[in-house]
Structure formats: C-alpha cells, structure tokens
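J.: Next up is a structure, given as structure tokens.
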Amino acid sequence: RGFHHVGQASLNLLTSGDPPYLEERRIKEIVKKHSQFIGYPIPLFVEKERDQEVSDDEKTKKKKKKIKENYIDQEELNKTKPIWTRNPNDITNEEYGEFYKSLTNDWEDHLAVKHFSVEGQLEFRDYCTRMRENQKHIYYITGETKDQVTNSAFVERLRKQGLEVIYMIDPIDEYCVQQLKEFEGKTLVSVTKEGLELPEDEEEKKKQEEKKTKFENLCKIVKDILEKKVEKMVVLEDPQTHANRIYRMIKLGLGIDEDDPTEMPPLEGDDDTSRMEEAH
Numbered sequence: 001r002g003f004h005h006v007g008q009a010s011l012n013l014l015t016s017g018d019p020p021y022l023e024e025r026r027i028k029e030i031v032k033k034h035s036q037f038i039g040y041p042i043p044l045f046v047e048k049e050r051d052q053e054v055s056d057d058e059k060t061k062k063k064k065k066k067i068k069e070n071y072i073d074q075e076e077l078n079k080t081k082p083i084w085t086r087n088p089n090d091i092t093n094e095e096y097g098e099f100y101k102s103l104t105n106d107w108e109d110h111l112a113v114k115h116f117s118v119e120g121q122l123e124f125r126d127y128c129t130r131m132r133e134n135q136k137h138i139y140y141i142t143g144e145t146k147d148q149v150t151n152s153a154f155v156e157r158l159r160k161q162g163l164e165v166i167y168m169i170d171p172i173d174e175y176c177v178q179q180l181k182e183f184e185g186k187t188l189v190s191v192t193k194e195g196l197e198l199p200e201d202e203e204e205k206k207k208q209e210e211k212k213t214k215f216e217n218l219c220k221i222v223k224d225i226l227e228k229k230v231e232k233m234v235v236l237e238d239p240q241t242h243a244n245r246i247y248r249m250i251k252l253g254l255g256i257d258e259d260d261p262t263e264m265p266p267l268e269g270d271d272d273t274s275r276m277e278e279a280h
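For the sequence shown, the residue numbers in the UniProt record's numbering are 1 to 280.
Given below as structure tokens:
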C-alpha cells in the first residue's frame, strides 16, 4: 500500500510485518514530523463513523432508529502554514494562536508574539538590492564552516571585485540550491564553478588585460621549467593572503601549536618583485 502526495514524495507502507505504519495515527505522526509546513495540502482519506436514522418499517416510515454507518472522509494533514515566510503585518493573532497550539499541543492561548528574522541571515531579496548594475547572477559558496568558506580562494576573487558571496554552511543548503535554480530572474551560481566569468566594467577589463600581458612571459617560462608538475599558472591579486592560506594548511599538516602566530611575515620587495604565482 502507498501513501503519497502528488509529484513530490511517496511513503511506501508494508502490508505485513510492520502493521503500525498502516495505522491512521502513525501516518499522521509521520506527516506532522516531516511535512507539516509543506506549502501545498496533503490529504488523507480516513474511515469514520456516524449515526444514521433508518425506518424499521419501510412502508409506514414512522418508526425510526439510529444505526452506525461507516464512511470515507478526506482530511488535510498540514493545515498549519509556515507563517514565518509571511509579512508579520499580514498575520492575525488567531493565526499565531493556531500555529502555537499546533507546535506545543497546548490548549491555552499564547502569551505574546515576537516575530523577527535571525541576525546574520540574509534574504535573497536583500542581496539583489545590493547587486551591481551589470551583475546577472547571485553568487554563493557551500562549505562546512564560515571560516572555511571565508578563506576560500574562490571567495577572495569576488571580494576583490566588490561582489557579495552568500555563505551556505548548513548541510541542507547544498540540496536547496540544487532545487532553487534562480530567484527573481537571477541565476544562482556557485563561485567554485569552472570557468566562472565575473561582471567587469571596461576599466577593470583593461587592467586585467594589462596584468595578463605583463606576466605572460614569466608564466610561460615557469611552466616550461616545471613542465608536467603544474597544470597552469595564475597571477594572484593578493599574494600575501594566498601565502597566509598556504601557511595555515602547512600548520595543520605539521601539527603546529595553536598559540603560534597564524600569519606569515610580510613578503619583501616592491609590488612587482613580490607578486607570487600560483601553480596548480
């Protein structure tokens, strides 16, 4: 037997060997736990009982008695809607009360309401209001911790151009962005995507071309020397940041005491002589 709501999920119930999962009570518990705040209705057809009046004598139809009659009724299992996604000004006190009782199973009314957004979280709508005029995508990066994604070389590249990156560090985030392809016409793009092209004005484009030309010969010489040991050479915008990142990686590998300084001494020399090349 199966219990399902169209096009989204299916819960297969065994007809033998696991009878508790066939019970109406158990099905309702499962839906409440996993799908209580799904945006579309989840119906369940249940068998109920009601009183029905019938005549003892079909001819006279005077004498009547009540009997129990079984019938099938449809119940909506997820009547409680996710009110945290709505504007607080549009939510009535009764709706807050229903929401409170559905979560707590309390018969008493709630004492007060505090509706707020958690500090540190960001809405896509807020992000879009701060996008550059020539920016067509919403940039994000997934990872395990904030420190991990903040120190990513991919984020460094966008930060240098004044582009915001959304940090997604919850386990569910990676799944969510696979399902949410775009928001208000803006495509969600991972900053780790191979061949990622960033928006740039004519002045920035000119600077990039100048840097590429300036160090093109050096990159070619180094690559010829290292041959198959490197895949390609890339000119870094901020060699000190990259050096610090390498130092932290070496520190972890060697088990250096956490009390030791985490930063390398500044690179010596002028901008041209201190510029590092990243080999990878």
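Quick reminder that beta carbons are idealized off the backbone N, C-alpha and C, glycines included. No experiment lies behind these values; they were computed from the predicted model shown.
Under 8 Å, do I42 and S35 count as touching if we go by C-beta distance?
T.: Yes, they are a contact pair.
J.: Using the three-state DSSP reduction, which class does N93 fall into: helix, strand or coil?
T.: In this structure, N93 counts as helix in the three-state DSSP scheme.
J.: Can you name, in chain order, every residue of its own chain whose Cβ lies under 6 Å from the Cβ of Y100, other than the five neighbours on each side?
T.: Counting only Cβ-Cβ distances below 6 Å, and skipping sequence neighbours, we find H110.
J.: Report, in whole angstroms, the separation of the C-beta atoms of E75 and V31, which I expect to be a contact under 8 Å.
T.: Not quite, the Cβ-Cβ distance comes to about 10 Å (not below 8 Å), so this is no contact.
J.: Pick from T80, V235, Q179: whose alpha carbon is nearest that of K33?
T.: Checking every option, the nearest Cα to that of K33 belongs to T80.
J.: What separation, rounded to the nearest whole angstrom, lies between the Cα atoms of E49 and T145?
T.: Distance between the alpha carbons of E49 and T145: 54 Å.
J.: Quick one: grab the DSSP three-state call for L158.
T.: Three-state result, L158: helix.
J.: Report buried or exposed for P20, applying the criterion of at least 16 other Cβ atoms within 10 angstroms of its Cβ.
T.: P20 is exposed by the Cβ-count criterion.
J.: Going by the beta-carbon positions, is the gap between I138 and L103 smaller than 8 Å?
T.: No, the pair does not count as a contact, with Cβ atoms beyond the cut-off.
J.: When the Cα atoms are used, what is the spatial distance from L158 to F183?
T.: Computed Cα separation, rounded: 20 Å.
J.: Whose CA, out of N134, S55, V191, K207, lies closest to the CA of S152?
T.: Looking at the Cα atoms, V191 is the closest of the given residues.
J.: With 16 other CB atoms within 10 Å as the buried threshold, where does L77 fall?
T.: By the 10 Å Cβ count, L77 comes out buried.
J.: Determine the closest residue to V149 out of L163, Q135, Y167, with distance taken between C-alpha atoms.
T.: Cα-wise, what sits closest to V149 is Y167.
J.: Would you give the residue range spanned by the alpha helix (DSSP H) that V191 belongs to?
T.: First-last for V191: undefined, no H or E at that position.
J.: Since P199 and K136 are thought to touch, with beta carbons under 8 Å apart, how far apart are those beta carbons, to the nearest angstrom?
T.: Their Cβ separation, rounded to whole angstroms, is 7 Å, which keeps P199 and K136 in contact under 8 Å.
J.: Since F45 sits in a beta bridge, which residues does DSSP pair it with?
T.: F45 is bridged to Q74.
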